[in-house]
Amino acid sequence: MTQSPWQLAARAETMNPSAIREILKITERPGILNFAGGLPSPETFPVDAMRAACAAVLAEGSAVARPSLQYAASEGLPELRQWVAAELGRQGARVVPEQVLITNGSQQGLDLVAKVLLDAGSRVLVETPTYLGALQAFTPMQPRFDSVDSDDGGVTASGLREQLQKGERPRFVYLLPNFQNPSGRTQDEARRQQVIAVCREHALPMVEDNPYGELWYDQPPPAPLLARWPEGVIYLGSFSKILAPGLRLGYVVAPPSLYPKLLQAKQAADLHTAGFNQRVVAEVIRDGFLDRHVPTIRARYKTQRDAMLAALAHHLDGLGAVWTQPAGGMFIWVRLPEGLNAQTLLPAAVEAGMAFVPGAPFFAGQSDVRTLRLSFVTSTPAQIERGMAALASVVRAAMSGTGSGSGA
Ligand code: PMP
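For the sequence shown, my numbering gives the first residue as 5, with consecutive numbering after it.
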């Protein structure tokens, strides 16, 4: 056998399979009550509106010019860029369409930001815990992650200050102010003001990732960070949770000074986001469709969130576990009683008929092995009730030493 002629780049050596994808393999047993996934509910996908929009878009043009099937501008479709600017304007941020770059999901936005802003060894500040997909997107640029002390309201001002006193100036802090993945937590108004004050004082730019902001169940979240420091914030948004993730449509809003570099990185990556998908979405949302559609998603997910909070309170009461009370989004974050380990508890949970995601991969620094993430959006209230009962049974068994999952 000859030796492989391929030599990997150092950055490829840093790439890892998503820890979650590996974990999800054991949760994919038929019949399992699956709270591990991060998928929106397919019942919210607007199939009829999409079908009509596809037909309308395909009917556009002629043999001379078929814009939906032709190469398109790297910046994105003007109608969508205008929609994003107007939408953020409603939330108090002054954005012009020229600042909007349409991307292949907000995940591509994370990749472009990393390429444009990170060198090997650059410091990046992240929340504790943080979105695993962002760690994956940033890692190939070989930065150094520092986990900022965080509580139920996200990063704390003192945690930020502490990190800013250490070492080299970070390139940016990556923040998820609304209904965070994985924890479900939200930065309240006071916390946003404190965080902005520290970042402005130290000229620390922010990458604000907001795919869940529209999924609020009690009241809309406070204005985005972008509205408070326009030149210091790169904002990422997505159509994945309000229309459908398979469209792969997201966007980056960047200060004018940075926009050209992100655009060049986008051009190099894929020339442009699928023009057909952009035109279909522009057609779907043209007449205010989202103002009617998104409230139906909110109503559905709110019922499921309430069912999960009620079931957790009922079944885990008195066991010493704690969990978040998300005001929106898709996830609840549970911390198991002392001495338990979510990763080692998972096989017993799957055996008992339910699955969750252990929390450890969501930490850039020291992991909290007692944590786990539950998604409430793809199960019915009856399934949620049964699933939480099953979770409680394996927690009880582990605590009494009759099941796996004990040990730090
Ligand atoms: N950011 C966060 C916090 C997410 O949870 C996700 C999706 N799981 C993304 C970004 C990427 O979403 P998309 O690429 O579908 O817009």
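Built from N, CA and C at the ideal position, the CB exists for glycine as well.
Starting from residue i, trace the beta strand (DSSP E) in both directions and tell me its first and last residue.
| i | result |
| --- | --- |
| Ser151 | Arg148 to Ser151 |
| Thr375 | Thr375 to Ser379 |
| Leu129 | Arg127 to Val130 |
| Val61 | Run containing Val61: none in the beta strand (DSSP E); it sits in the alpha helix (DSSP H), Val51 to Ala63. |
| Tyr178 | Phe176 to Leu179 |
Taking the DSSP output, what are the residues bridged to residue i?
| i | result |
| --- | --- |
| Phe367 | Note: Phe367 sits in no beta bridge, so no partner. |
| Ala69 | BP columns for Ala69 are empty, so no partner. |
| Met403 | DSSP output for Met403 lists no bridge partner at all. |
| Leu240 | Asp213 and Val256 |
| Trp233 | According to DSSP, which records beta bridges pairwise, Trp233 is partnered with nothing at all. |
| Pro158 | A quick correction: the sequence has Gly, not Pro, at residue 158. According to DSSP, which records beta bridges pairwise, Gly158 is partnered with Asp155. |
| Val338 | Trp327 and Leu376 |
| Trp220 | Gly332 |
| Ser37 | Note that residue 37 corresponds to Leu in the displayed sequence, not to Ser. In the DSSP output, where bridge partners are listed per residue, Leu37 has Met358. |
Where does the unbroken alpha helix (DSSP H) through residue i begin, and where does it stop?
| i | result |
| --- | --- |
| Gly163 | Ala161 to Gln169 |
| Met210 | Looking at the DSSP string, Met210 is not in any alpha helix (DSSP H); the run it does join, the beta strand (DSSP E), is Met210 to Asp213. |
| Gly254 | That residue, Gly254, is in no alpha helix (DSSP H); its beta strand (DSSP E) goes Leu253 to Val257. |
| Gly333 | Where Gly333 is concerned, there is no enclosing alpha helix (DSSP H), given that its DSSP letter is neither H nor E. |
| Val104 | Where Val104 is concerned, there is no enclosing alpha helix (DSSP H), although the beta strand (DSSP E) it sits in stretches over Val104 to Asn108. |
| Tyr305 | Phe293 to Leu320 |
| Leu139 | Leu136 to Phe142 |
| Lys265 | Tyr263 to Asp274 |
| Glu83 | Pro82 to Arg94 |
| Thr348 | Ala346 to Glu355 |
| Ala16 | Ala14 to Thr18 |
| Glu205 | Glu193 to Glu205 |
| Asn185 | Where Asn185 is concerned, there is no enclosing alpha helix (DSSP H), given that its DSSP letter is neither H nor E. |
| Ala286 | Gly279 to Ile289 |
Flag this pair as yes or no: are the beta carbons of residue i and residue j separated by less than 7 angstroms?
| i | j | result |
| --- | --- | --- |
| Tyr216 | Lys306 | no |
| Glu218 | Ile238 | no |
| Glu172 | Arg127 | yes |
| Gln308 | Phe360 | no |
| His319 | Ala396 | yes |
| Leu240 | Ser110 | yes |
| Leu376 | Val338 | yes |
| Leu92 | Ala286 | no |
| Leu229 | Val202 | no |
| Pro341 | Leu136 | no |
| Val120 | Leu266 | yes |
| Thr107 | Tyr255 | yes |
| Val211 | Tyr178 | yes |
| Ala90 | Ala231 | no |
| Pro225 | Asn182 | yes |
| Ala315 | Glu389 | yes |
| Asp104 | Val88 | The question names Asp, yet the displayed sequence has Val at residue 104. Cβ distance < 7 angstroms, so Val104 and Val88 count as in contact. |
| Glu344 | Phe39 | Sequence check: residue 344 is Leu here, not Glu. Cβ atoms of Leu344 and Phe39: not closer than 7 angstroms. |
| Ala346 | Gly363 | yes |
| Arg175 | Leu122 | yes |
| Val99 | Val284 | no |
| Ala311 | Leu139 | no |
| Val159 | Glu193 | no |
| Val152 | Gln169 | no |
Determine, for residue i, whether the minimum Cβ-Cβ distance to residues of chain C falls below 7 angstroms.
| i | result |
| --- | --- |
| Gln86 | Protein chain content of the structure displayed is limited to a single chain, and chain C is not contained in it. |
Indicate, with yes or no, if the ligand HEM has a heavy atom lying under 6 angstroms from the CB of residue i.
| i | result |
| --- | --- |
| Gly254 | Although the ligand HEM was asked about, the structure shown includes only the ligand PMP as ligands. |
>> So if I measure from each beta-carbon to every heavy atom of the ligand PMP and keep distances below 6 angstroms, which residues remain?
In response: Gly42, Gly109, Ser110, Gln111, Tyr135, Gly137, Leu180, Asn185, Asp213, Pro215, Ser242, Ser244, Pro249 and Gly254
> So does the segment 326-334 actually touch the segment 396-404, counting three or more Cβ pairs closer than 8 angstroms?
Replying inline: Segment contact: the segment 326-334 against the segment 396-404, fewer than three CB-CB distances shorter than 8 angstroms; contact not assigned.
> Would you call the segment 266-285 and the segment 69-78 touching, i.e. three or more CB-CB distances under 8 angstroms?
Replying inline: The segment 266-285 vs the segment 69-78: in contact.
> Quick one: any contact between the segment 21-33 and the segment 346-364, if contact means 3 or more CB pairs under 8 angstroms?
Replying inline: yes
>> Taking contact to mean 3 or more Cβ pairs, one atom from each stretch, closer than 8 angstroms, check whether the segment 252-272 and the segment 182-192 are in contact.
In response: no
> Counting pairs of beta carbons, one from the segment 294-301 and one from the segment 141-151, are three or more of them closer than 8 angstroms?
Replying inline: At 8 angstroms Cβ cutoff, the stretches do not touch.
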